[in-house]
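These protein sequences, in sequence, are chains F and R. Using my numbering, read the first sequence as starting at 1 and increasing by one per residue. Using my numbering, read the second sequence as starting at 331 and increasing by one per residue.
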Amino acid sequence: MTETSAPSTVQRRQAWIDRGERYGLLVAWLAVIIVFGILRPTTFLSWMNFSTIFGSQAVLVVLTLGLIIPLTAGDYDLSIAGNLTLSAMTIAVLNVTMGWPLLAAIAAALVVGIAIGALNAFLVLYFRINSLIVTLGMGTFLHGITLWISGSNTISGVDFAIAQWVIVNRIFGIPLAFYYALILAAIIWYVLTYTAAGQRLLFVGRGREVARLSGIRVDQVRAVTFICSGILGAVAGVLSVGTLGATDPNSGLTYLLPAFAAAFLGATSITPGRFNPIGSVIAVYFLVTGITGLSILGISTFVQDLFYGGALVIAVVLSQLVRGRQERVA
Amino acid sequence: MNLHAARVAGLALAIGIAAIGAVQAQDAVAAAKADLDKYTAIPTFEAPGEAFDAKACTAGQRIMQVPASSAVPFVSTIANGMAAIAKEIGIEYQIWENQGQPTQWVQGLEFGTSNKFDLIDLLAGADPRALVAQIKAARDAGAIVTASHLTGYEQEVPGGLTASIPINYKQAGKLIAQWAIVKSGGKANALVLVTNEVLSTDSMMAGIKEAFDAAPESKFTVVNVSIPDWATKIQSNVQSAVIADPTINYILPIYDGMNQFVVPALTITGASDRVKIATFNGTPFVLDMIQNGQVEMDVGENLDWIAYGMLDAQMRLLCGLPPVTDPKIPLLIFDANNAATAGTPAEVSKGYGDAYVAGYKALWKL
Chain F
1 MTETSAPSTV
11 QRRQAWIDRG
21 ERYGLLVAWL
31 AVIIVFGILR
41 PTTFLSWMNF
51 STIFGSQAVL
61 VVLTLGLIIP
71 LTAGDYDLSI
81 AGNLTLSAMT
91 IAVLNVTMGW
101 PLLAAIAAAL
111 VVGIAIGALN
121 AFLVLYFRIN
131 SLIVTLGMGT
141 FLHGITLWIS
151 GSNTISGVDF
161 AIAQWVIVNR
171 IFGIPLAFYY
181 ALILAAIIWY
191 VLTYTAAGQR
201 LLFVGRGREV
211 ARLSGIRVDQ
221 VRAVTFICSG
231 ILGAVAGVLS
241 VGTLGATDPN
251 SGLTYLLPAF
261 AAAFLGATSI
271 TPGRFNPIGS
281 VIAVYFLVTG
291 ITGLSILGIS
301 TFVQDLFYGG
311 ALVIAVVLSQ
321 LVRGRQERVA
Chain R
331 MNLHAARVAG
341 LALAIGIAAI
351 GAVQAQDAVA
361 AAKADLDKYT
371 AIPTFEAPGE
381 AFDAKACTAG
391 QRIMQVPASS
401 AVPFVSTIAN
411 GMAAIAKEIG
421 IEYQIWENQG
431 QPTQWVQGLE
441 FGTSNKFDLI
451 DLLAGADPRA
461 LVAQIKAARD
471 AGAIVTASHL
481 TGYEQEVPGG
491 LTASIPINYK
501 QAGKLIAQWA
511 IVKSGGKANA
521 LVLVTNEVLS
531 TDSMMAGIKE
541 AFDAAPESKF
551 TVVNVSIPDW
561 ATKIQSNVQS
571 AVIADPTINY
581 ILPIYDGMNQ
591 FVVPALTITG
601 ASDRVKIATF
611 NGTPFVLDMI
621 QNGQVEMDVG
631 ENLDWIAYGM
641 LDAQMRLLCG
651 LPPVTDPKIP
661 LLIFDANNAA
671 TAGTPAEVSK
681 GYGDAYVAGY
691 KALWKL
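This is the structure we're talking about:
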């Protein structure tokens, strides 16, 4: 009796630890909502507040999704924020300055994103250079192009239709941008979880040499991840123009670190230890909910940085502690 | 009976206080409106000092300029304007092109010092407080070191500079606050967006406080967002503030580059009709936003006029004349009535008239 119950106790404990790790971030998010809900029930718990939280962060969500695809394959794309900025500026310049129709300008921006992804892939894979270095240089290069084509100016007056289809039109009171981001996250989740291509990508990320020996075309898989990242960077640029109704040559670059923070924070939940789209979406909204609550309380913005950075470090540390315990138990 | 009398007296006192309050509020609105009216017409030229022969007394002199960042159009427009005017006068004028990194400012100052420039200028944000050692070295080597378009009239010269050529930031701050007070009938509840690391913020805040102090039924709260965080924090902070306090009726971003993040915050929260925006700088894309109905008012400054004014002050120092404490660079209020005078789309330095060009040329005896 004792011999059979002992392992089951360990297994039950292990199952709880697993659940705790998988859903810890979700629980932390709910805890943040409860705490701020108690402190400011009428304003924080209003539907307007949540629709604002959901609707205003689509750019960051899409940028984070763009990052996790190459990260899953073991590559970095530090040029994605530069890609966002250049794509957004492409739309503004073509639509406002050159009078192109909006759809044509958006199509051009997406082509720019694909081209950036393809160029990153070519430089990394053909010349066998670390992706960190190539994309770091590429990001700076793209910023130079953005400054050049914009004359370093902010350009406003983009066709209002883009704002209507991003933040003005709503479903359940939440701007459409939120649903675009969710759809993209769902597609990435489906591909990674249920398709052969997704499994090959995960395999490449776990070990390139083993994947190659297993017959997977590793370079092809990595090239596709860079192109996907390029497309999503451009999509983030489109959403950015739709959100702001304008674009400037610098501010998009500041999204890079928050996107990485969300990607790494997301990797501690849902599928712990693996970059995953659902975890990333939760991470973005966990961070934004905390920051919104602090703003509603009227607390200085430096506290928001403490929350942002602190939450990331604590989540990763806790995740590591749980994993260490798991290994000891094993 | 005594109790009744006391109640009547109390009621009368309360009505009296309320009446005085209402009268004070109306006085404040009238006074603020009178101030605003002074800044709605195309400005006229006012000489910042006595006339002097600029060409003769700056002959052979060299000016080195370190702008805050060549990638910021506001800064580079002034810098290039000053270079063009200096060339016309015959002054050798070199711009140290940079991307806003303090190490590049250090390089610029050291280059200016070692190459014996007569005057080294830090333009529009290159912070002298971070360059004290280099400024001292330049002054020890005999150079005049100035900061232009950095401090307000009432602020002290920072960082050991020879002189600081100021802008009337306090008045600009006062005007955007007064606009909110007047347009809300003396009942403004404003969210003021500031960037504390910029020196001129203190001066603008002094003007904003002065305007609100004179309006007893108006109030404001302040949110500080540093420049690198504008894209990621302004929108979320404005959204939260507007949701948390539904009586907010004005957003006052003290630098108009903030507006592209304020406008979507109001759109997403559905507050565009209730909450208006008054701001400062007169950057072309914000003047376009006025024409589109997204921003209500922008206090503008003519960048070309600034270029003339800053160079005038620098030449006076080179010529041994007294330092300029008020370069007489005017402010102009742009709203829906006159935003189109800046062009559609708006252009830099358009809409202010051109009286200053002839004025400065006469002042410099050209």
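For glycine and all other residues, C-beta sits at the position ideal for the given N, C-alpha and C.
| query | result |
| --- | --- |
| Which same chain residues end up closer than 7 angstroms to residue 604(R) when comparing Cβ atoms and leaving out the 5 residues on each side of it in sequence? | 579 |
| Grab the span of the beta strand (DSSP E) containing residue 630(R) for me, first residue to last. | 627 to 630 |
| Quick one: Cα of residue 104(F) to Cα of residue 190(F), how far? | 30 angstroms |
| What does residue 522(R) pair with, by DSSP beta-bridge criteria? | 552(R) and 582(R) |
| Which term fits residue 551(R), buried or exposed, when burial requires 16 or more other beta carbons within 10 angstroms of its beta carbon? | exposed |
| Tell me whether the beta-carbon of residue 68(F) lies closer than 7 angstroms to the beta-carbon of residue 302(F). | no |
| Look at the alpha carbon of residue 253(F) and the alpha carbon of residue 82(F), and state the distance between them as a whole number of angstroms. | 6 angstroms |
| For chain R, find out if any of its Cβ atoms is closer than 7 angstroms to the Cβ of residue 244(F); answer yes or no. | yes |
| Rounded to whole angstroms, how far is the Cβ of residue 36(F) from the Cβ of residue 178(F), which I believe are closer than 8 angstroms? | Incorrect: roughly 20 angstroms between the Cβ atoms, too far for contact. |
| Hey, is residue 729(R)'s beta-carbon within less than 7 angstroms of any beta-carbon in chain F? | Only positions 331 to 696 of chain R appear in the structure, and residue 729(R) is not among them; the question remains open. |
| Put residue 310(F) into one of helix, strand or coil per three-state DSSP. | helix |
| For a test of the three-state rule: what should DSSP assign to residue 156(F), helix, strand or coil? | strand |
| I'd like to know if the region 378 to 394 of chain R and the region 447 to 462 of chain R are in contact, where contact means that at least 3 CB-CB pairs between them fall below 8 angstroms. | yes |
| Tell me the rounded alpha-carbon separation between residue 621(R) and residue 593(R). | 14 angstroms |
| In terms of alpha-carbon separation, which member of 506(R), 544(R) and 527(R) lies closest to residue 665(R)? | 506(R) |
| Using a Cβ-Cβ distance under 7 angstroms, would residue 331(R) count as near chain F? | Residue placement at residue 331(R) cannot be trusted, given a pLDDT of 46 that sits under 50; the coordinates are not used to answer. |
| Considering residue 532(R), what are the terminal residues of the alpha helix (DSSP H) in which it resides? | 530 to 543 |
| Does the separation of the CB atoms of residue 283(F) and residue 306(F) fall below 7 angstroms? | no |
| Give the residues of chain F in contact with residue 610(R), contact being defined as C-beta atoms less than 9 angstroms apart. | None at all; the shortest Cβ gap to chain F is about 16 angstroms. |
| The beta strand (DSSP E) with residue 42(F) in it runs from where to where? | Counting along the chain, residue 42(F) falls outside any beta strand (DSSP E), though it belongs to the alpha helix (DSSP H) covering 41 to 44. |
| Per DSSP, what are the beta-bridge partners of residue 606(R) in this structure? | 580(R) |
| In the DSSP output, what is residue 396(R) paired with across the bridge? | 452(R) |
| Let me know if residue 1(F) comes out buried or exposed under the rule of 16 or more other beta-carbons within 10 Å of its beta-carbon. | With a pLDDT of only 41 at residue 1(F), under the threshold of 50, the placement of this residue in the model should not be trusted, and no figure is reported. |
| Using a beta-carbon distance below 7 angstroms, is residue 713(R) in contact with chain F? | Absent from the structure is residue 713(R), since the part of chain R shown begins at 331 and ends at 696. |
| Of all the residues that make up the region 354 to 370 of chain R, which are near chain F by a beta-carbon distance shorter than 8 angstroms? | none |
| Please list, in chain order, the residues of the region 281 to 307 of chain F that have any C-beta partner in chain R closer than 9 angstroms. | 288, 291, 292, 293, 294, 295, 296, 297, 298, 300, 301, 302, 304 and 305 |
| Could you give the first and the last residue of the continuous alpha helix (DSSP H) run that contains residue 127(F)? | Run containing residue 127(F): none; DSSP gives neither H nor E here. |
| Is it true that the region 379 to 389 of chain R meets the region 532 to 539 of chain R, where meeting means three or more beta-carbon pairs spaced less than 8 angstroms apart? | no |
| What residue does the beta strand (DSSP E) around residue 423(R) start on, and which one ends it? | 422 to 425 |
| Which residue marks the beginning of the beta strand (DSSP E) containing residue 267(F), and which one marks its end? | Segment: none, residue 267(F) is in no beta strand (DSSP E) and carries neither H nor E. |
| Between residue 49(F) and chain R, is any beta-carbon pair separated by less than 7 angstroms? | yes |
| Please report the Cβ distance between residue 565(R) and residue 595(R), rounded to the nearest whole angstrom; I am assuming they are in contact, meaning their Cβ atoms lie under 8 angstroms. | 5 angstroms |
| Assuming contact is defined by CB atoms lying nearer than 7 angstroms, are residue 233(F) and residue 80(F) in contact in what I supplied? | yes |
| Give, in chain order, every unbroken run of the alpha helix (DSSP H) that is at least 4 residues long and sits entirely within the region 7 to 91 of chain F. | 41 to 44, 47 to 55 and 58 to 72 |
| Between the C-alpha atoms of residue 225(F) and residue 613(R), what's the straight-line distance to the nearest angstrom? | 40 angstroms |
| Buried or exposed, going by whether 16 or more other CB atoms sit within 10 Å of the CB of residue 645(R)? | buried |
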